[in-house]
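J.: Sharing a structure here in structure tokens format.
Right, here's the structure in full:
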């Protein structure tokens, strides 16, 4: 019968066993009485014997069983951590085998620096084609989006892992049977424009002319990202097929395609202005950029693309316009330490 009401601590029980040993050897009557049911009191009474007495008093047949129950279990690495550790170590053979043995790992997301990441996102980003294939075979969701709204194929493209990206697009197209999110094109329309994939953009528009009106995860139009990233041929193609040149991004940053292009994409700025974009249009989104014109946007950026400013001014951009906080483009440049831009805009007054 255990003498402990609460769960005993193994370290304390070890101390008790040593104390019992000393007491028995010293002839303490109370200690000897505790031992008698299990051992005859003698000088040969050892620490092992004392531990057995303590174990029996706590309801266990042996000290080993008592220790096994009370010893904190050694932490075993979770299946998820095993997978990600093998993946990061580049041990693709063992990574693939782990997926075969435990296909459930395909659905085990892990929190990373920028939010939760799926096994497929990370494998795609590292360019591990065999692992990507095995994850897909194990049932990984091919077009699951991360907290930024992007599927694994975007990680593959960002990492310039062409073979992995092509495989994922083929797998996506095969799995969605012409329905959203990729409409059988392997990658969604807005992401294709962002990644500079003119062939996929064409494919979307050929299958559905209204694809030019689709929106992305932050409410951006099909024009915003290619205008920002300098994909002038995609911008031209989209405009030729009816994309709205003055569409606002409505979810996060705000602004029109010209605002986004004005950061650092002069070729797209020139094309948008040529097609009729308003050089004095306003960002309507409340917040940091509220009231910004494209010239304000250019002035705020560390790129300090003077060519963009020159194109805007030549098209009629008004440098005296003020944003929602009452600041001109020059004020914005000064506030953000864009010295080259500030000097350029200051010279306009002379």
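Numbering (full-length UniProt numbering), first residue to last: 1 to 350.
Beta carbons are placed, not taken as given, at the ideal position from N, Cα and C, and that holds for glycine.
The structure presented is a predicted model; accordingly, all values stated were derived computationally and were not measured.
What does a CB cutoff of less than 8 Å around residue 266 pick up in its chain, not counting 5 residues either side in sequence?
T.: Here the set comprises 305, 307, 308, 311.
J.: Going by alpha carbons, who is nearest to residue 149 out of 121, 332, 297?
T.: For residue 149, the nearest C-alpha among the options comes from 121.
J.: Rounded to the nearest angstrom, what separates residue 55 and residue 31 at their Cα positions?
T.: For residue 55 and residue 31, the distance between alpha carbons rounds to 15 Å.
J.: According to DSSP, residue 200 sits in a beta bridge with which residue or residues?
T.: According to DSSP, residue 200 bridges with nothing at all.
J.: Under the assumption that residue 192 contacts residue 140 (Cβ atoms under 8 Å), give the Cβ distance between them as a whole number of angstroms.
T.: Not a contact, Cβ separation roughly 21 Å.
J.: Just the C-alpha distance for residue 203 and residue 320, rounded to the nearest angstrom, thanks.
T.: Their backbone Cα atoms lie some 43 Å apart in a straight line.
J.: Could you tell me which residues DSSP pairs with residue 112 in its beta bridges?
T.: For residue 112, which the question treats as bridged, DSSP gives the partners 115.
J.: Taking buried to mean at least 16 other C-beta atoms within 10 Å of its own C-beta, is residue 333 buried or exposed?
T.: Under this definition residue 333 is a buried residue.
J.: Let me confirm a value: residue 61 is counted as buried when at least 16 other C-beta atoms fall within 10 Å, else exposed. Which label applies?
T.: With fewer than 16 other Cβ atoms within 10 Å, it is exposed.
J.: Determine the direct distance from the alpha carbon of residue 322 to that of residue 285, and round the result to whole angstroms.
T.: The alpha-carbon atoms of residue 285 and residue 322 are separated by roughly 15 Å.
J.: With distances taken between CB atoms, is the gap from residue 211 to residue 164 smaller than 7 Å?
T.: Taking 7 Å as the Cβ cut-off, residue 211 and residue 164 do not qualify as a contacting pair.
J.: Put residue 75 into one of helix, strand or coil per three-state DSSP.
T.: The pLDDT assigned to residue 75 is 44, lower than 50, so where the model puts this residue is not dependable; a value taken from the coordinates is nonetheless given after this. Of the three classes helix, strand and coil, the one that applies to residue 75 here is coil, per DSSP.
J.: Below 7 Å between beta carbons: does that hold for residue 349 and residue 300?
T.: Contact flag unset, no.
J.: Three or more beta-carbon pairs under 8 Å between the region 86-101 and the region 22-38, yes or no?
T.: Taking 8 Å as the limit for Cβ pairs, the verdict is that the region 22-38 does not touch the region 86-101.
J.: Roughly how many whole angstroms lie between the Cα atoms of residue 91 and residue 110?
T.: Taking the straight line from one Cα to the other gives about 19 Å.
J.: Let me know if residue 26 comes out buried or exposed under the rule of 16 or more other beta-carbons within 10 Å of its beta-carbon.
T.: Looking at its Cβ environment, which holds fewer than 16 other Cβ atoms inside 10 Å, residue 26 is exposed.
J.: I need the boundaries of the alpha helix (DSSP H) containing residue 132, first residue and last residue.
T.: 129-137 is the span of the alpha helix (DSSP H), which, as asked, contains residue 132.
J.: Thinking C-beta only, is residue 142 closer than 7 Å to residue 171?
T.: In this structure, residue 142 lies closer than 7 Å to residue 171 by Cβ.
J.: Where residue 183 and residue 277 are concerned, what is the direct C-alpha to C-alpha distance, given to the nearest angstrom?
T.: Their Cα atoms are separated by approximately 30 Å.
J.: Between the Cα of residue 263 and the Cα atoms of 151, 329, 233, 215, which residue gives the shortest distance?
T.: The option with the nearest alpha carbon to residue 263 is 329.
J.: Give me, in chain order, the residues of the same chain whose beta-carbon lies closer than 8 Å to that of residue 10; leave out the 5 immediate sequence neighbours on both sides.
T.: 66, 67, 70, 71.
J.: Nearest to residue 339 by CA position, among 298, 80, 271, 313, is which residue?
T.: Selected option, being the one with the closest Cα: 298.
J.: How is residue 194 classed by DSSP in three states: helix, strand or coil?
T.: Three-state DSSP puts residue 194 in a helix.
J.: Here's the rule I'm using: 16 or more other beta-carbon atoms within 10 Å means buried, otherwise exposed. How should residue 44 be labelled?
T.: So residue 44 ends up on the exposed side.
J.: What is the DSSP secondary structure of residue 62, counted as helix, strand or coil?
T.: In this structure, residue 62 counts as coil in the three-state DSSP scheme.
J.: CA-CA distance, residue 166 and residue 144?
T.: For residue 166 and residue 144, the distance between alpha carbons rounds to 17 Å.
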